[in-house]
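Residues 364 to 656 (our numbering) are what the sequence shown spells out, left to right.
Ideal Cβ positions, reconstructed from N, Cα and C, are used throughout, including at glycine.
Read the structure below first, then the notes.
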Amino acid sequence: MPSRTLVTGATGTVGFFLVRELSKRGEPTRAAVHTETKAARIAEANIELFEMDFADKASIDAALKGIEKVYLLTPFSPGQVEMAGFFIDRAVAAGVKYIVRQSVAGADTEAITLLRGHRMAEVRLEESGIPYTHLRPNSFMQNFSNFFGEAIRATGKIYLPLKAASVSYIDARDIALVGAALLSGNIKEERLNRAYALTGPAPLTMDNVAASISRASGRPVEYMDISPAEAKLGMKAAGMPEWAIESMIELYEFQRDGRGERVSGAVEEISGRSPLSIDDFARDNAHVFRSAA
Ligand SMILES: NC(=O)c1ccc[n+]([C@@H]2O[C@H](COP(=O)([O-])OP(=O)(O)OC[C@H]3O[C@@H](n4cnc5c(N)ncnc54)[C@H](OP(=O)(O)O)[C@@H]3O)[C@@H](O)[C@H]2O)c1
């Protein structure tokens, strides 16, 4: 059956789980692959792999051929808003009937650069006339494995400038579950032109996160509160570009002020399953946090 749904960012954190979910549900899906060598990890039944670059109009037009529904996910990049806008224009031209766009929790507040950018992309989509659903996930639990896993493995410490603030971290598998529920089968009229904050089941302090990873991995893991200046130095040493460092420092400040702690019921409302806990995440990723010794 020809593909009806296109998943962009398909080889990334959420896309990886999303294409599996769509495959399980038998949804004929085209996965947009940016780097060809990453394609193999998302090869599934009902999944067509297709090379696409957000900067290349011809590749977007080809990827959108015959497509009705799209999961639009752009990378964390200073060009994110332009990429989304460019893609949305091409989707209008292609006659796409529905776009689920991955935004970020708090986009509606437009309080910091990252949130303002996502809100601008949301507005582009709203003004395009294509029926949409905005998904606004909070920070991913997978950040602890993807970005801090190596440091946790090496030192048993998580360094972040969050003080004792709580954040309702979400497991990326739940975002994928919500995306798949929205995109498989018929378009869900009741979800159109709405925004959903997606969170985990509970607000978590960094001490809670460290304790969970400790229990699951069987090694002591401790949260070390650091200043924003120390966080900046750490990110610089890790080779992050200046725009990304500034953006993350703003986000940490937003979360340190308690603005990332709200819990939403949308994962269960849309997917029918309660969101995964930090213990679930830590158990399923325990191998990442165990030291080699
Ligand atoms: N991480 C969080 O805690 C969090 C929380 C809320 C919202 N978000 C938002 O979620 C989005 C990122 O989602 P994610 O973490 O699932 O993705 P991700 O792991 O960062 O992966 C990004 C995906 O986009 C692809 N990509 C990069 N440049 C591309 C280009 N020029 N053309 C086509 N594809 C391209 C990547 O492929 P290659 O690897 O081959 O380049 C990859 O498949 C961002 O908008 C971010 O702001 C993140």
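Reduced DSSP secondary structure (H/G/I, E/B, other) of residue i
i    : result
E399 : helix
D452 : helix
E431 : coil
D588 : strand
K387 : helix
Y615 : helix
K520 : strand
I462 : strand
F413 : strand
V626 : coil
R636 : coil
A484 : helix
T392 : strand
T374 : coil
M381 : According to the sequence as given, residue 381 is Leu; it is not Met. L381 falls in the helix class under three-state DSSP.
L436 : coil
Exposed unless 16 or more other CB atoms sit within 10 angstroms - verdict on residue i
i    : result
R636 : exposed
A601 : exposed
S437 : Ser is not the amino acid found at residue 437; the sequence shown has Thr there. With 16 or more Cβ atoms within 10 Å of its Cβ, T437 is classed as buried.
R464 : buried
V377 : buried
S610 : buried
D419 : exposed
A421 : exposed
V584 : buried
D537 : buried
R404 : exposed
T398 : exposed
M364 : exposed
G473 : The question names Gly, but residue 473 is Glu in the sequence shown. Under this definition E473 is an exposed residue.
Own chain partners of residue i with C-beta closer than 6 Å, once the 5 adjacent residues on each side are dropped
i    : result
S634 : L540, V541, A544
A645 : S575, I576, A579
E390 : T368, S547
G372 : G378, L436
I550 : Y461
S508 : N648, V651
D588 : K526
G442 : none
Own chain residues within Cβ distance below 7 Å of residue i, not counting five before or after
i    : result
I533 : P500, N501, F503, M504, L561, T562, G563, P638
V444 : G480, M483, A484
A426 : L369, R393, A395, F413, M415
A470 : L478, H481, R482, E485, R499
K595 : I608, I612
S590 : P524
I475 : E613, L614, F617
Contacts around residue i, its chain only, beta-carbon distance under 8 Å, and the 5 residues preceding and following it disregarded
i    : result
F450 : T371, F417, I423, L435, T437
D642 : S575, R578, A579
A658 : The structure shown does not extend to residue 658, since the chain is modelled only from 364 through 656, so no value can be given for it.
A514 : K520, I521, Y522
C-beta neighbour in chain D for residue i, strict 9 Å
i    : result
P566 : Among the chains of the structure shown, chain D does not appear; only one protein chain is present.
Quiz prompt | Unbroken stretches of the beta strand (DSSP E), 3 residues or longer, contained in the segment 488-547 | solution = 495-500, 520-523
Self-check item: Runs of alpha helix (DSSP H) lying entirely within the segment 554-585, each at least 4 residues, in chain order
Solution: 569-580
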